[in-house]
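Numbering (our numbering), first residue to last: 45 to 246. From the three backbone atoms N, C-alpha and C, an ideal C-beta is built for every residue, glycine too. This one's a predicted model, so the numbers in the text were calculated from it and none came from an experiment.
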């Protein structure tokens, strides 16, 4: 598996680093420095993920000698993936050149992905749940003008997935991840068909 991941990262155009393991959150400062050098960081989370891992992320970064901005914490413990929330984060990111470190899963990852792209920077993701399979996916699914849309924006440059954090996520979130994987079978078939019909190339 490690060999396959290494080969995939070597050929990837966006995500260049992926660390998966148990009790590895302490590696975050080293990973950040490897990918972003001496740049400043800003932790992005909601009220829930701040308690799950966000505060620890902040502490590890500080003790690791990384300069950080004031963390951005969405007021809503379950923010919706809507464009207004992208704009809120974008406004904060526009005040510095700090690299966002998002602590969360699907919604927070998509919000940070688009806000980072719109402010011309890459970002790092600390995964908190196995609720979806899109941590390294290109594009963000955001509700805009009343409809869910996919916005073009690059995947995170680096991802850290601590299994001890992920396994403590609510069971329903893990179940959602399995459903996301199951959906890839018909979705893949749809894409093959669309490619064959000249509608959308693979």
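Query	Result
For residue 126, list the residues DSSP reports as bridge partners.	187
Which residues in the same chain have their Cβ closer than 6 Å to the Cβ of residue 244, if we skip the five residues on either side of it in sequence?	238
Tell me where the alpha helix (DSSP H) around residue 49 begins and ends.	46-55
Residues in the same chain with beta-carbon distance under 7 Å from residue 133, minus the five sequence neighbours each way, listed in chain order, please.	88, 116, 155, 156 and 159
Tell me, please, whether the stretch 128-145 touches the stretch 161-181 by the rule of three or more beta-carbon pairs shorter than 8 Å.	yes
Distance, Cα to Cα, residue 186 vs residue 130?	9 Å
Quick check for students: name the residue ranges of the beta strand (DSSP E) that lie wholly in the stretch 162-221, counting only runs of 3 or more.	168-171, 184-188, 191-195 and 202-206
Leaving aside the five residues before and after residue 37 along the sequence, list all residues of the same chain whose C-beta is less than 7 Å from its C-beta, in chain order.	Because the chain spans 45 through 246 in this model, residue 37 falls outside it and cannot be assessed.
Any chance you could list the beta strand (DSSP E) runs of at least 3 consecutive residues sitting entirely within the stretch 67-154, in chain order?	85-90, 116-118 and 143-148
If you draw a straight line from the C-alpha of residue 49 to the C-alpha of residue 181, how long is it?	15 Å
Note down the Cα distance separating residue 99 from residue 148, rounded to an integer number of angstroms.	13 Å
Tell whether a beta-carbon distance below 8 Å holds between residue 90 and residue 124.	no
Mind checking whether residue 60 and residue 201 have CB atoms under 8 Å apart?	yes
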